[in-house]
Amino acid sequence: MTIAIQVTDLTRRFGDLTAVDRISFSIQQGEIFGLLGPNGAGKTTTLSMLSTMLEPTSGTAEIMGIDIEKDQDGVRKAIGIVFQDQSLDEELTAWENMDFHGRLYRLPKETREMRINELLKLVELSDRKNDIVKTFSGGMRRRLEIARGLLHHPQVLFLDEPTLGLDPQTRNHLWQYIEILAKEKNITIILTTHYMEEADRLCNRIAIIDHGKIIALDTPARLKDLIGGDVVTIQSPDPKKIETTLTAPWISHVETHDENVRITLANAEQHISTIVTRLNEEKIPITSISVHKPTLEDVFLSFTGKTIRERDVDSKEAMRMHFRMRRR
Amino acid sequence: MEIIYTIWLRSMKRFIRSKSRIFGSIAMPLFLLLFLGLGLNSVVNASSLGQEYVMFLVPGMVAMSVLFSSIFSGLQIIWDKQFGFLKETLVAPVTRLEIMLGQTAGGATTSVLQGLILMVFSVLIGLRIQNPIGFFIALAFMVLVGIGFTAFGIAIASRMEDMTGFQLVMNFVIFPLFGLSGALFPISSLPGWLAPITLFDPLTYGVEGIRFGLTGVSQISPVVCAAVVAGFAVAMMGAGAYLFRKISV
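Have a look at this one:
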């Protein structure tokens, strides 16, 4: 296996805010690698540096053996990018957008036309190729952008929040495309997301990133194993009492989070009736009870002590503060 | 060259498709030409001009449409920034200079085309171009004005975050450039203290150059005009290229 991306101590500061803080990782060729974290965690900044759009403050990175600072053009030829925000020319047709890209990457006419047809077919936009992009839905635009990113046959594809703002059906559809790409074309894909299920479904390995630092990096399965079993969540007006009442050898961990008590245990299905009986005996009211298999959300929670949504709000607040400070 | 052509081609496609924009930007100079030209024709003392006022006005209005549409073409960069399309070009393995030159070529071409459309309307209301050489002299001046002010627009756009500063540019840059250029009146008719200021306006030389081409009469020597306008175009390309190099999205 060859290494497609090698990142060493990559750092980026904006004034006194450290957006990316000495992160290191390496990605194998053909791997789908996910950067998972809340808004403002440093995912997009990392991608911007890897795609030569932003200079690192310190640290190095190589893409297909090419240094991102020493040979920017080399890196640019090797990568394809789908940005978080739309980057199509809405007044051109799908074909013209593709053609513009092909010309910018200096593809000869015949290759260009062949690949455009092939890729538009792949993303099922062949019958709309002469329509102006303005008339396209969000999902169609995203598909077109992915097709465009692949036009120059990049070895590495960056997808920045590829399914943000799309409906669940379209999202599913896009996931299928991404899986096909990685399998059939042997393209290395690095994607950022703050959707847990997206990371779980697509990625071979995931780096959980928070406040510019990688706090965990492994396969989704092994990350979930770190939680140590299934989770039973009980909502109750009296969570403290539950915490003290429930003690058993099969319970590995109990913690309270607002009104919710999260009990980590093996084989939750077997023990759930015991738990309910026990709480009834103690006359502790139960508002709701749920059992679930560990997800990446739990992994995130266990590493940061917060859910990814709470973190989203936190970091938005932090950004606002930051800009307010700068304005003064 | 291929990259410059690619970006130029995009400008052309957008231009041809935006019929309302073409009419919109032709309308203003055309209305001015009709209302001011025909309205003031008999009022303005024509003897000092050596021609009818409306014919005096034609080169000014041609220059105006080139000026407005070329600066807007340069400012197009801000829209591309806001709509994200600029990223697509910036991340490609091409130099910033190529992108800037392509944008300049596109803007200059579209603005010259608009100027030509206005010229056709002027012929309809009585403009008689002296000879073919005169036409090509005027065309050359339009091209230089187009290049210079598109590059000027790119230079401004490179430093602007969004369109909120647009009114400022419109009122404090574009309009004074136009008003002081001698497009509406002969610069010699200005009071003594104001006339020298018009000589600092590069558009003055553009207007005079186009006027020389179309009517054969000008107050400033066409050679001086050519030198100043060409110098301005080169300087603006330099400034535009320098500032665009530092653009970030």
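Listed in order, the protein sequences are those of chains A and B.
The first sequence begins at 1 in the working numbering and counts up by one.
The second sequence begins at 1001 in the working numbering and counts up by one.
Note that CB positions come from ideal geometry on N, CA and C, so glycine has one too.
Can you check DSSP and say which residues form a bridge with residue i?
i                      : result
residue 39 of chain A  : In the DSSP output, where bridge partners are listed per residue, residue 39 of chain A has none listed.
residue 216 of chain A : A:208
residue 259 of chain A : None, per the DSSP bridge assignment.
residue 251 of chain A : A:265
residue 5 of chain A   : A:27 and A:63
residue 191 of chain A : A:34 and A:159
Could you work out which residue in the options is closest to residue i when comparing CA atoms only?
i                       : options                           : result
residue 1157 of chain B : B:1079, B:1013, B:1031 and B:1112 : B:1079
residue 1148 of chain B : B:1131, B:1071 and B:1189         : B:1071
residue 282 of chain A  : A:48, A:243 and A:300             : A:243
residue 1014 of chain B : B:1109, B:1141 and B:1228         : B:1109
residue 13 of chain A   : A:26, A:70, A:57 and A:142        : A:57
residue 257 of chain A  : A:19, A:82 and A:239              : A:239
residue 1227 of chain B : B:1176, B:1248, B:1202 and B:1057 : B:1202
residue 62 of chain A   : A:261, A:231, A:28 and A:294      : A:28
residue 1053 of chain B : B:1033, B:1106, B:1145 and B:1002 : B:1033
residue 53 of chain A   : B:1089, B:1194 and B:1069         : B:1089
residue 1144 of chain B : B:1209, B:1082, B:1083 and B:1018 : B:1209
residue 1243 of chain B : B:1062, B:1190 and B:1099         : B:1099
residue 1006 of chain B : B:1111, B:1066 and B:1101         : B:1101
residue 107 of chain A  : B:1092, B:1069 and B:1240         : B:1092
residue 21 of chain A   : A:92, A:273, A:111 and A:49       : A:49
residue 1130 of chain B : B:1057, B:1179, B:1237 and B:1216 : B:1216
residue 164 of chain A  : A:274, A:253, A:83 and A:284      : A:83
Taking DSSP as the reference, what is the three-state secondary structure of residue i?
i                       : result
residue 1074 of chain B : helix
residue 20 of chain A   : strand
residue 1130 of chain B : coil
residue 131 of chain A  : coil
residue 271 of chain A  : helix
residue 243 of chain A  : helix
residue 1120 of chain B : helix
residue 238 of chain A  : coil
residue 1083 of chain B : coil
residue 1215 of chain B : helix
residue 12 of chain A   : strand
residue 104 of chain A  : helix
residue 327 of chain A  : Bear in mind that the predicted position of residue 327 of chain A carries a pLDDT of just 47, short of 50, making it unreliable; the figure below should be weighed with that in mind. Note: residue 327 of chain A maps to helix in three-state DSSP.
residue 159 of chain A  : strand
residue 1149 of chain B : helix
residue 1201 of chain B : coil
residue 1181 of chain B : coil
residue 232 of chain A  : strand
Determine the chain A residues that contact residue i at a beta-carbon separation under 7 angstroms, and present them in chain order.
i                       : result
residue 1089 of chain B : 104
residue 1003 of chain B : 104
residue 1081 of chain B : Correct list: empty, because the minimum Cβ distance to chain A is about 11 angstroms.
residue 1266 of chain B : The requested residue 1266 of chain B is not part of the displayed model; chain B covers only 1001 to 1249.
At the level of alpha carbons, what is the spacing between residue i and residue j?
i                       : j                       : result
residue 1205 of chain B : residue 1182 of chain B : 9 angstroms
residue 328 of chain A  : residue 1153 of chain B : Residue confidence for residue 328 of chain A is low, a pLDDT of 44 falling below 50, so the modelled location carries little weight; the figure read from the coordinates is stated next. Each residue's alpha carbon lies about 30 angstroms from the other.
residue 59 of chain A   : residue 51 of chain A   : 15 angstroms
residue 166 of chain A  : residue 140 of chain A  : 10 angstroms
residue 1164 of chain B : residue 1075 of chain B : 12 angstroms
residue 1235 of chain B : residue 1044 of chain B : 37 angstroms
residue 179 of chain A  : residue 299 of chain A  : 24 angstroms
residue 1021 of chain B : residue 1030 of chain B : 14 angstroms
residue 123 of chain A  : residue 177 of chain A  : 8 angstroms
residue 290 of chain A  : residue 233 of chain A  : 5 angstroms
residue 1132 of chain B : residue 1214 of chain B : 9 angstroms
residue 119 of chain A  : residue 152 of chain A  : 11 angstroms
residue 1126 of chain B : residue 1169 of chain B : 34 angstroms
residue 287 of chain A  : residue 90 of chain A   : 51 angstroms
residue 1232 of chain B : residue 1128 of chain B : 29 angstroms
What does residue i reach in chain D if we use C-beta pairs closer than 7 angstroms?
i                       : result
residue 1094 of chain B : Absent from the structure is chain D; the protein chains it does hold are A and B.
So with CB distances below 8 angstroms, who are the chain B contacts of residue i?
i                     : result
residue 76 of chain A : 1091, 1092 and 1093
Identify the contact partners of residue i in chain B, using a Cβ-Cβ distance below 9 angstroms as the criterion.
i                     : result
residue 81 of chain A : 1087, 1088 and 1091
residue 51 of chain A : 1091
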